[in-house]
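Q: Per the numbering used here, the sequence shown starts with residue 2, numbered consecutively. Where a beta carbon is used, it is the ideal one built from N, C-alpha and C, also for glycine. Remember, predicted model here, so these are calculated numbers, not experimental data.
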Amino acid sequence: MDGETTVPLPRLLDIDKYLDYITNRALPKPTNSADVQKALEGLWSASAVAGSEQTADQFQCACSPGMELGYELSHLKDHIFQIAIKDFLDPWTFNVKQVMKCCVGILVPDGRIIPFCAYNSVGYREEIRDQLVGEQKLDNARKKIRLAEQINNPTPASADD
Numbered sequence: 002m003d004g005e006t007t008v009p010l011p012r013l014l015d016i017d018k019y020l021d022y023i024t025n026r027a028l029p030k031p032t033n034s035a036d037v038q039k040a041l042e043g044l045w046s047a048s049a050v051a052g053s054e055q056t057a058d059q060f061q062c063a064c065s066p067g068m069e070l071g072y073e074l075s076h077l078k079d080h081i082f083q084i085a086i087k088d089f090l091d092p093w094t095f096n097v098k099q100v101m102k103c104c105v106g107i108l109v110p111d112g113r114i115i116p117f118c119a120y121n122s123v124g125y126r127e128e129i130r131d132q133l134v135g136e137q138k139l140d141n142a143r144k145k146i147r148l149a150e151q152i153n154n155p156t157p158a159s160a161d162d
């Protein structure tokens, strides 16, 4: 990003060279360049943090070898951002293959990890909401019982008061 201008990664990276690496795979196909492969994995991993030096390093490595970006690493670090687009699955467009390849998980209170692609479409969201609302109602009821017990059984004041 330079002022008001945004430059997408494909303008800096020979995308055709690595397209097969990321297309329709749960596990990417190995490339000829281990450094670039590692950099791409870092850029597209769930742990990638836009604005970190590590992401800027990976970005610089992923760009065509020997290509001079014309920016200091600190400039890249402060100006890199990622846009991720996923198909939204609903009950009418549900796709089991896509759910199986889904890399984003939602951790729910009972410890399960639900694929994001399935979370919004087959009732998981409603199930979790109902569980959380039920727990909240139970907590509120317990608070009311404790308050009522305090009102009905006040603790005697100490002699120091």
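On the three-state DSSP scale, how would you describe Ile84?
A: For the purposes of this step, residue 84 is taken as residue 83 along the sequence shown, with counting starting at 1. In this structure, Ile84 counts as coil in the three-state DSSP scheme.
Q: Put Leu108 into one of helix, strand or coil per three-state DSSP.
A: Residue numbering aside, residue 108 sits at position 107 when the sequence shown is read from its first letter. In this structure, Leu108 counts as strand in the three-state DSSP scheme.
Q: Got a sec? Which residues, its chain only, sit under 8 angstroms from Glu150 by beta carbon, not counting five neighbours each side?
A: On the sequence shown, residue 150 is found 149 positions in, with the first residue counted as 1. The answer is none, since no qualifying residue turns up.
Q: If we ignore side chains and look at the alpha-carbon of each, how far apart do Pro92 and Glu136 end up?
A: Here residue 92 refers to the residue found at position 91 when the sequence shown is read from its first residue. Here residue 136 refers to the residue found at position 135 when the sequence shown is read from its first residue. Approximately 28 angstroms, taken between the alpha carbons.
Q: Could you have a look at Pro116 and say whether DSSP puts it in helix, strand or coil?
A: Against the sequence shown, residue 116 aligns to sequence position 115. If DSSP states are grouped into helix, strand and coil, Pro116 belongs with the strands.
Q: Three or more beta-carbon pairs under 8 angstroms between the region 116 to 126 and the region 99 to 106, yes or no?
A: Yes, they touch.
Q: Decide if Leu90 is buried, meaning its Cβ has at least 16 other Cβ atoms within 10 Å, or exposed.
A: If you number the sequence shown from 1, residue 90 lands on position 89. So Leu90 counts as buried.
Q: Suppose the cutoff is 7 angstroms on Cβ atoms and the five residues either side in sequence are ignored; what does the same chain contact list for Ser122 look like?
A: Here residue 122 is taken as the residue at index 121 of the sequence shown, counted from 1. Once the five neighbours on either side are set aside, the close Cβ partners of Ser122 are Leu90, Asp91, Pro92, Phe95.
Q: For Pro110 and Thr7, what's the separation of their Cα atoms in angstroms?
A: Here residue 110 is taken as the residue at index 109 of the sequence shown, counted from 1. Here residue 7 is taken as the residue at index 6 of the sequence shown, counted from 1. Cα to Cα, the separation comes out at about 40 angstroms.
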